[in-house]
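Asks:
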Amino acid sequence: MTLSARFEESFPLIASCLQQARLSGRLAHAYLLFSDSLSRRRELALALGQLMLCQNPSPEGKPCASCKVCRQIESESYPELYILAPSSSSRIIPVGENDEDEDSVRWFQNLFYVSSTGAAGKKLGIILDADRMEPPAQNAFLKTLEEPPPDTVFILATGKPSVLLPTIISRCQMLPLLENRCPYEFSASEILFPSLKKLQFDAIGKLVEAESCASAIIAATELLEDEAKEKIGEKWQDKLATLDELAPAAQKRVKSRHEAAESAAYRLSRESFLSAIHAWFAQVYLLSCGAQFDELPNPEIFANLISTESPLPSEQDALAALGKAEKLLGNLSWNVNEELALREFCLSIALSRN
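For the sequence shown, the residue numbers in our numbering are 11 to 364.
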């Protein structure tokens with residue numbers, strides 16, 4: 011299924027309104043895409059870009075998904091597609107010292123003041139996790155948002171629109187693309203969810219079992235780190251291949267940015283990983299309160315692990331476990347030893363019931 015088809019299937023009413031806006035020439039120059047799905051924000055932004063720039067839309071305004079521009083946007087090879095995302099270890103999008111400070115707001119803005127060479131004659135700017143722009147960076151971008159260069163459209167994607175300045179929000183058209191669920195599709199989920207099931211259902215009062223669960227969860231976080239390095243390595247392959255041709259100062263700068271990009275990618279995956287831990291204990295609590303499986307946001311995480319016939323912890327015990335999961339997430343938001351925090355969490359779950 012194409013990006014645009016998935017977009018229309020997930021949000022038919024919004025897709026229809028946007029298609030009609032295109033037909034009537036009333037598309038906005040900037041959209042604020044509010045999505046609660048960490049893994050789908052990039053996909054949704056690209057699908058919206060296809061709808062806005064497609065060369066051969068249908069009579070209903072639907073993107074064709076097969077023209078050169080649609081294919082280039084889907085593969086992120088469209089010449090005038092510029093994406094700004096957190097790329098530092100802190101996952102902050104900085105203002106930037108000047109136009110040459112890559113992955114900064116000033117660098118991003120400058121890209122739109124060069125003559126367009128794209129087949130559609132339009133530039134598409136996407137800011138992922140726009141809430142990671144601090145107020146000075148948002149203020150720096152505001153001028154471009156207020157008076158965008160000709161033939162330029164912007165898409166700001168975020169899961170936390172309240173963090174954005176009111177002046178930014180007021181100059182964008184809000185698109186609430188909410189699914190009330192977060193798909194947990196990282197490969198480490200094959201380790202994480204069975205470990206959480208074992209921890210909450212089979213390791214109560216068994217410290218050895220709890221330690222085994224902790225070791226498995228820690229191994230899953232290491233897998234996330236390896237995957238982040240591999241993912242960033244593919245994107246940086248060309249730059250790293252020509253590293254020896256650069257001056258020493260430039261080599262140092264490229265290496266530093268590469269390491270920061272790896273760290274940012276890991277922190278993004280880690281955010282989804284920690285959300286998955288919380289989702290597990292939150293849903294067990296809902297089940298203990300009498301909720302049905304088909305009423306859960308993410309029943310798929312229980313597949314082959316918990317069934318309608320599985321004995322559940324009491325409502326009180328499930329709530330206590332959820333509280334410990336929330337405490338873990340709070341602790342890990344600070345500069346604490348992640349491995350020790352996970353081990354302490356697993357032991358506290360094992361010792362939580364009488």
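Virtual Cβ for every residue (Gly too), placed ideally from N, Cα, C. This structure is a prediction, so every number in the text was calculated from the model and none was measured.
Is Ile136 helix, strand or coil by DSSP?
Replies: For this step, residue 136 is matched to residue 126 along the sequence shown. DSSP places Ile136 in strand when its eight states are reduced to three.
Asks: What would DSSP say about Ser47, mapped onto helix, strand or coil?
Replies: Taking the first residue of the sequence shown as position 1, residue 47 is located at position 37. In the structure shown, Ser47 sits in coil (DSSP, three-state: anything other than H, G, I, E or B).
Asks: Can you tell which of Leu43, Pro321, Leu54 has the C-alpha that lies nearest to the C-alpha of Arg16?
Replies: Along the sequence shown, read from residue 1 onward, the residue named residue 16 stands at position 6. Closest by alpha carbon: Leu54.
Asks: CA-CA distance, Leu256 and Phe122?
Replies: Along the sequence shown, read from residue 1 onward, the residue named residue 256 stands at position 246. Along the sequence shown, read from residue 1 onward, the residue named residue 122 stands at position 112. Going by the C-alpha atoms only, they are around 27 Å apart.
Asks: Taking only the alpha-carbon atoms, compute the straight-line gap between Glu157 and Ile179 and give it to the nearest angstrom.
Replies: Position 147 of the sequence shown, counting from 1, holds the residue named residue 157. Position 169 of the sequence shown, counting from 1, holds the residue named residue 179. When rounded, the distance between both Cα atoms is 15 Å.
Asks: Assign Ala230 to one of two classes, buried (16 or more other C-beta atoms within 10 Å of its C-beta) or exposed (fewer than that).
Replies: Residue 230 sits at position 220 when you count from the first residue of the sequence shown. So Ala230 ends up on the buried side.
Asks: Please report the straight-line C-alpha distance between Lys72 and Ser34, rounded to a whole angstrom.
Replies: By one-based count along the sequence shown, residue 72 stands at place 62. By one-based count along the sequence shown, residue 34 stands at place 24. Whole-angstrom Cα-Cα distance: 13 Å.
Asks: Can you look up Tyr88 in the DSSP assignment and give me helix, strand or coil?
Replies: Translated into the one-based positions of the sequence shown, residue 88 becomes position 78. If DSSP states are grouped into helix, strand and coil, Tyr88 belongs with coil.
Asks: Count the other CB atoms, across all protein chains shown, that sit within 10 Å of the CB of Thr252; report buried if there are 16 or more and exposed otherwise.
Replies: As a first step, residue 252 must be located in the sequence shown, where it is residue number 242. Label assigned to Thr252: exposed.
Asks: Ser222: which of Lys208, Leu234, Glu235 sits nearest, CA to CA?
Replies: If you number the sequence shown from 1, residue 222 lands on position 212. Among Lys208, Leu234, Glu235, the Cα nearest to that of Ser222 is on Lys208.
Asks: Which whole-angstrom value describes the C-beta separation of Val163 and His39, a residue pair presumed to lie in contact below a C-beta threshold of 8 Å?
Replies: Walking along the sequence shown from the start, residue 163 turns up at place 153. Walking along the sequence shown from the start, residue 39 turns up at place 29. Sure, about 6 Å apart at Cβ, within 8 Å.
Asks: Could you tell me which residues DSSP pairs with Pro186 in its beta bridges?
Replies: As a first step, residue 186 is located in the sequence shown; it is residue number 176 there, counting from the start. Phe44, per the DSSP bridge assignment.
Asks: Quick one: is Glu90 buried, meaning 16 or more other Cβ sit within 10 Å of its Cβ, or exposed?
Replies: Looking up residue 90 in the sequence shown gives position 80. It counts as buried.
Asks: Which residues in the same chain have their Cβ closer than 6 Å to the Cβ of Leu233, if we skip the five residues on either side of it in sequence?
Replies: As a first step, residue 233 is located in the sequence shown; it is residue number 223 there, counting from the start. Here the set comprises Ala198.
Asks: Measure the C-alpha to C-alpha separation of Val115 and Glu272 and round it to an integer number of angstroms.
Replies: By one-based count along the sequence shown, residue 115 stands at place 105. By one-based count along the sequence shown, residue 272 stands at place 262. Roughly 20 Å separates the two Cα atoms.
Asks: Taking the alpha carbon of Leu278 as the reference point, which residue from Ala335, Gln293, Glu86, Ser100 has its own alpha carbon closest?
Replies: Taking the first residue of the sequence shown as position 1, residue 278 is located at position 268. Comparing Cα-Cα distances from Leu278 to each of Ala335, Gln293, Glu86, Ser100, the minimum goes to Ser100.
Asks: So, with DSSP's three-state summary, where would you put Val173?
Replies: In the sequence shown, counting from the first residue as 1, residue 173 sits at position 163. Three-state DSSP puts Val173 in a helix.
Asks: Pull up the CB-CB distance for Ser97 and Asp109, whole angstroms please, since I reckon it's below 8 Å.
Replies: Stepping through the sequence shown from its first residue, residue 97 is reached at position 87. Stepping through the sequence shown from its first residue, residue 109 is reached at position 99. About 17 Å; that fails the 8 Å criterion.
Asks: Measure from the alpha carbon of Arg280 to the alpha carbon of each residue in Ile165, Asp236, Val173, Asn308, then state which is nearest.
Replies: Counted from its first residue, the sequence shown places residue 280 at position 270. Residue Asp236 is the option with its Cα nearest to Arg280.
Asks: Quick check on the DSSP output: the beta strand (DSSP E) that includes Phe164 runs from which residue to which?
Replies: Counting from 1 along the sequence shown, the entry for residue 164 is found at position 154. Segment 162–168, the beta strand (DSSP E) holding Phe164.
Asks: Please confirm if the region 144–156 is in contact with the region 18–26, defined as three or more CB-CB distances below 8 Å between the two stretches.
Replies: With a cut-off of 8 Å, the region 18–26 and the region 144–156 do not count as touching, because too few Cβ pairs lie within range.
Asks: Please state whether the Cβ-Cβ distance between Leu61 and Arg32 is less than 9 Å.
Replies: Position 51 of the sequence shown, counted from the first residue, corresponds to residue 61. Position 22 of the sequence shown, counted from the first residue, corresponds to residue 32. The answer is yes: Cβ separation under 9 Å.
Asks: Return the chain-ordered list of same chain residues with a C-beta closer than 6 Å to the C-beta of Ala328, the five sequence neighbours on each side being excluded.
Replies: Taking the first residue of the sequence shown as position 1, residue 328 is located at position 318. Here the set comprises Val294, Tyr295, Ser298.
Asks: Would DSSP call Ile316 helix, strand or coil?
Replies: As a working mapping, residue 316 is identified with position 306 in the sequence shown. Three-state DSSP puts Ile316 in coil, outside helix and strand.
Asks: From the DSSP output, read off the bridge partner residues of Leu94.
Replies: As a first step, residue 94 must be located in the sequence shown, where it is residue number 84. Beta-bridge pairing links Leu94 to Ile137.
Asks: From the DSSP output, in three-state form, read off Met11 for me.
Replies: Residue 11 sits at position 1 when you count from the first residue of the sequence shown. Of the three classes helix, strand and coil, the one that applies to Met11 here is coil, per DSSP.
Asks: Under a three-way DSSP split, which group does Ile103 fall into?
Replies: Locating residue 103 in the sequence shown gives position 93, counting from the first residue. If DSSP states are grouped into helix, strand and coil, Ile103 belongs with the strands.
Asks: State buried or exposed for Gln82, treating a residue as buried only when at least 16 other CB atoms are found within 10 Å of its CB.
Replies: Here residue 82 is taken as the residue at index 72 of the sequence shown, counted from 1. Result: buried.
Asks: Could you check which residue in Pro145, Gly131, Gly135, Leu338 has the C-alpha nearest to that of Leu175?
Replies: Counting from 1 along the sequence shown, the entry for residue 175 is found at position 165. The shortest Cα separation from Leu175 among Pro145, Gly131, Gly135, Leu338 belongs to Pro145.
Asks: Nearest CA to the CA of Ile102: which residue from Phe291, Lys132, Pro204, Ala270?
Replies: Residue mapping note: residue 102 aligns to position 92 of the sequence shown, counting from 1. Comparing Cα-Cα distances from Ile102 to each of Phe291, Lys132, Pro204, Ala270, the minimum goes to Ala270.
Asks: Among Leu43, Asp46, Leu58, which one has its Cα closest to the Cα of Thr12?
Replies: Position 2 of the sequence shown, counting from 1, holds the residue named residue 12. For the residues Leu43, Asp46, Leu58, the minimum Cα distance to Thr12 belongs to Leu58.
Asks: Quick check on the burial criterion: 16 or more other C-beta atoms within 10 angstroms. Buried or exposed for Gly135?
Replies: Against the sequence shown, residue 135 aligns to sequence position 125. Buried.
Asks: Measuring straight from C-alpha to C-alpha, what distance separates Glu86 and Glu19?
Replies: In the sequence shown, residue 86 corresponds to position 76, counting from 1. In the sequence shown, residue 19 corresponds to position 9, counting from 1. Using only the alpha carbons, I get a separation of about 22 Å.
Asks: What residue range is occupied by the uninterrupted alpha helix (DSSP H) comprising Pro323?
Replies: For the purposes of this step, residue 323 is taken as residue 313 along the sequence shown, with counting starting at 1. From DSSP, Pro323 is part of no alpha helix (DSSP H); its letter is neither H nor E.
Asks: With 16 other CB atoms within 10 Å as the buried threshold, where does Leu188 fall?
Replies: Here residue 188 corresponds to residue number 178 of the sequence shown, with the count starting at 1. Leu188 comes out exposed.
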